[in-house]
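K.L.:
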Amino acid sequence: MMCSFAILDDKALDVVKGVENETGRTILAYDCFEAEAIDEEEVRKITEAEKKLCRTLVAVKTGH
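Under this note's numbering, think of the first position of the sequence shown as 455, with each following residue one higher.
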C-alpha cells in the first residue's frame, strides 16, 4: 500500500481547517492506494517516463 497527500475539495478542506483550529495541530490528509500488477508494455512506458523525469513512478489501483 502506498499513500500520498490527498487532493481535497473546499468542503473537505474546511473540515480539516476546523480540526486544526480546534486542536492547534497541523493536520495532513492522505489517500492510500493498493499496488497493482501490470503487463510488460506498461512497465516499459513507466520506465521510460521515470528516465525522462528522474523520478520513481508506481502504478496503483485507485479506490475512488
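Ideal Cβ positions, reconstructed from N, Cα and C, are used throughout, including at glycine.
The structure displayed is predicted, hence computed values, not measured ones.
Quick one: what's got a C-beta closer than 6 Å to V473's C-beta in the same chain, skipping five residues either side?
P.N.:
Sequence-distant partners of V473 (beyond 5 residues in either direction) whose C-beta falls short of 6 Å from its own C-beta, in its chain, are I481.
K.L.:
Does the contact criterion of 3 or more C-beta pairs under 8 Å hold for the segment 493–500 versus the segment 457–477?
P.N.:
no
K.L.:
Within the same chain, show all residues whose beta-carbon is closer than 8 Å to that of T461, passing over the 5 residues directly before and after it, in chain order.
P.N.:
Residue identity differs from the one stated: residue 461 is Ile in this sequence, not Thr. Answer for I461: D485, listed in chain order.
K.L.:
Using the C-alpha atoms, what's the distance from T510 back to E490?
P.N.:
In a straight line, the C-alpha of E490 is about 16 Å away from that of T510.
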